[in-house]
Amino acid sequence: MNQKITRSVISTLIFGLAFSSLVFASSGGKEIHKQVDGINASIMFNSEEVMTGSNDFTIMLKDENNQPISNADVKVTVEMDGSMDMSSHDMGDSKTMATELKESSEKGEYMGSADFTNKGTWDVKTMFTVNGQDKNTTFNVDVVSSGPNWFIIGGFLGVIVLIIVIAALKKKKARNA
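Below, the structure written as structure tokens:
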């Protein structure tokens, strides 16, 4: 009976450590709002911090009555902010990227992705056509360097240490028996 309880507790700890690190890794998204000629435009990224590499985002368009705007033609251009001091940053890999967004299943939401090659401030220039009128706005996005996710690494290290300790205890118990 004691061994069954011990095994259950150990199994629960292993799964708890593994999945708790994944919970810490996910968080709400970063959202930036702008208003253009009575239209509320927002951009939301899937993670709280926008990191170098590919990032999915959603552009949300709403009219002055806060109603979603459907069937808008939305295009996005992403480029490194030109107002930065060029001598202090390596701009060799930063590229301008243009993409046309696809309307999502939610009205007024348009989805796309952007590949940020360097850390720093990037301009996400959004051009959209609503009721035959062309509008545009620029979202300034701070991009940080993507590094290792220490919550996930720590969770896996915790599971590995726990497995090693359990193996050592079982080996010691087998010698004494």
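Just so we're aligned: the sequence shown equals residues -25 to -1, 1 to 152 in mature numbering (1 follows the signal peptide of the UniProt record, and there is no 0).
C-beta: ideal position from N, C-alpha, C; glycine also.
Under the assumption that residue i contacts residue j (Cβ atoms under 8 Å), give the Cβ distance between them as a whole number of angstroms.
| i | j | result |
| --- | --- | --- |
| G13 | E39 | 4 Å |
| A47 | T104 | 6 Å |
| D31 | S79 | Rounded, the Cβ-Cβ distance is 11 Å, inconsistent with contact. |
| T96 | A73 | Between A73 and T96 the Cβ distance is about 19 Å, and since that is not below 8 Å, they are no contact. |
On a CA-only basis, which of the options is nearest residue i? Give me that one, please.
| i | options | result |
| --- | --- | --- |
| T112 | K(-22), Q(-23) and I7 | I7 |
| D117 | F91, A47 and N46 | F91 |
| S121 | Q10, K9, E23 and V11 | E23 |
| K110 | T(-14), K9 and K(-22) | K9 |
| V11 | M35, A149, I(-21) and T74 | M35 |
Is the Cβ-Cβ distance between residue i and residue j less than 8 Å?
| i | j | result |
| --- | --- | --- |
| K5 | M19 | yes |
| G83 | P123 | no |
| K77 | M86 | yes |
| D56 | N93 | no |
| I(-21) | I141 | no |
Quick one: Cα of residue i to Cα of residue j, how far?
| i | j | result |
| --- | --- | --- |
| V49 | N41 | 18 Å |
| M66 | K145 | With a pLDDT of only 46 at M66, under the threshold of 50, the placement of this residue in the model should not be trusted; the figure read from the coordinates follows. Near 56 Å, if we compare the C-alpha coordinates of K145 and M66. |
| S(-5) | E81 | Confidence is the limiting factor: at S(-5) the pLDDT is only 45, short of 50, which leaves the residue's position unreliable and the question unanswerable from this model. |
| S45 | I127 | 39 Å |
| N106 | G133 | 56 Å |
| A149 | Q(-23) | 14 Å |
| T(-14) | A152 | 27 Å |
| I138 | G28 | 34 Å |
| G130 | M102 | 43 Å |
| N21 | Q108 | 29 Å |
| K37 | S(-18) | 52 Å |
Complete runs of the beta strand (DSSP E) confined to the stretch 18 to 62 [at least 3 residues]: Every unbroken stretch of the beta strand (DSSP E) spanning 3 or more residues and falling wholly within the stretch 18 to 62 is given here in chain order: 28 to 37 and 48 to 55.
Start-end ranges of the beta strand (DSSP E) lying completely within the stretch 70 to 118, minimum 3 residues: Scanning the stretch 70 to 118 for uninterrupted beta strand (DSSP E) segments of 3 residues or longer gives 72 to 75, 84 to 91 and 95 to 105, listed from N- to C-terminal end.
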